[in-house]
Amino acid sequence: DTAVSQTPKYLVTQMGNDKSIKCEQNLGHDTMYWYKQDSKKFLKIMFSYNNKELIINETVPNRFSPKSPDKAHLNLHINSLELGDSAVYFCASSQSGQQLRNTIYFGEGSWLTVV
Amino acid sequence: EDQVTQSPEALRLQEGESSSLNCSYTVSGLRGLFWYRQDPGKGPEFLFTLYSAGEEKEKERLKATLTKKESFLHITAPKPEDSATYLCAVQLTGTASKLTFGTGTRLQVTL
Chain Z
1 DTAVSQTPKY
11 LVTQMGNDKS
21 IKCEQNLGHD
31 TMYWYKQDSK
41 KFLKIMFSYN
51 NKELIINETV
61 PNRFSPKSPD
71 KAHLNLHINS
81 LELGDSAVYF
91 CASSQSGQQL
101 RNTIYFGEGS
111 WLTVV
Chain H
1001 EDQVTQSPEA
1011 LRLQEGESSS
1021 LNCSYTVSGL
1031 RGLFWYRQDP
1041 GKGPEFLFTL
1051 YSAGEEKEKE
1061 RLKATLTKKE
1071 SFLHITAPKP
1081 EDSATYLCAV
1091 QLTGTASKLT
1101 FGTGTRLQVT
1111 L
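Keeping their order, the protein sequence lines are chains Z and H. Read left to right, the first sequence gives residues 1 to 115 (my numbering). Read left to right, the second sequence gives residues 1001 to 1111 (my numbering).
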């Protein structure tokens, strides 16, 4: 079973469209993330949710709206797509707790191309 | 400002030729340092976490070490299947678990 799964894996869309990427984890973790990897392969955090509550929002344009219906799911909706949004988006999860060694596990990525 | 710098950017080794990758960091408070491996078209795969200076961890041909300023990923007698991008990331105290990544080292191991 895939621990962190995201769909779709590939997405090609036109500028101005709205699209969503879905993520699910079956690790029983309470914290989920969206990371963006640009063309230079630099990975940067966008959002984090803990038990469905937003805890990290890294100055991402408000065209990006994450939604967590429950602690096993974190979806990313993007409005009015721009060329610069083309990137690989990774979902990830971890278990919180100061005493826990909370390793973050990543999904396989969603390749978004805006044309 | 918190910074994570990896070097070299790219490394080409022959099979069996041992080497080390470097991750230097300047952060306000380190909670943990993580190493990940990323294959083309895949997500980062967790390798190690180091929490305190002097700590070492090993897995097959890989050994990670940590000092107060940097971490090394030593690769002993690498094989072609070790070819990948190796990512270093820091987790800071009081940052709700987020990772701050370096730009990675692309390793190619040839026969």
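Even for Gly, the Cβ is constructed at its ideal location relative to N, Cα and C.
Return no unless some Cβ of chain Z is closer than 8 Å to the Cβ of residue i.
i, result
"H/S1097", "yes"
"H/G1104", "yes"
"H/K1069", "no"
"H/K1042", "yes"
"H/F1046", "yes"
"H/T1026", "no"
Within this structure, are the beta carbons of residue i and residue j separated by less than 8 Å?
i, j, result
"Z/S20", "Z/L74", "no"
"H/E1055", "H/C1023", "no"
"H/L1033", "H/C1088", "yes"
"Z/Q95", "Z/T13", "no"
"Z/G109", "Z/C23", "no"
"H/T1103", "Z/F42", "yes"
"H/V1004", "H/T1100", "yes"
Are any of the Cβ atoms in chain H nearer than 8 Å to that of residue i?
i, result
"Z/E108", "yes"
"Z/S96", "yes"
"Z/K19", "no"
"Z/Y105", "yes"
"Z/K52", "no"
"Z/I45", "yes"
"Z/T13", "no"
"Z/T31", "yes"
"Z/S68", "no"
"Z/S48", "yes"
"Z/K41", "yes"
Please classify residue i as buried or exposed, where buried requires at least 16 neighbouring CB atoms within 10 angstroms.
i, result
"Z/L54", "exposed"
"H/L1066", "buried"
"H/A1064", "buried"
"Z/M46", "buried"
"Z/S93", "buried"
"Z/Y35", "buried"
"H/Q1108", "exposed"
From the DSSP secondary-structure annotation, give me the bridge partner or partners of residue i.
i, result
"H/A1077", "Per DSSP, none; premise fails for H/A1077."
"Z/M32", "Z/Y49 and Z/S93"
"Z/D70", "Z/H73"
"H/S1018", "Answer is none; H/S1018 lacks a bridge partner."
"H/Y1051", "None; H/Y1051 has no bridge partner."
List the whole-angstrom C-beta distance separating residue i from residue j, where the pair is believed to meet the contact cut-off of C-beta under 8 Å.
i, j, result
"H/T1110", "H/E1015", "7 Å"
"Z/N17", "Z/L112", "Not quite, the Cβ-Cβ distance comes to about 11 Å (not below 8 Å), so this is no contact."
"H/L1011", "H/W1035", "Wrong, their Cβ atoms sit about 15 Å apart, outside the cutoff."
"H/P1080", "H/E1017", "Not quite, the Cβ-Cβ distance comes to about 12 Å (not below 8 Å), so this is no contact."
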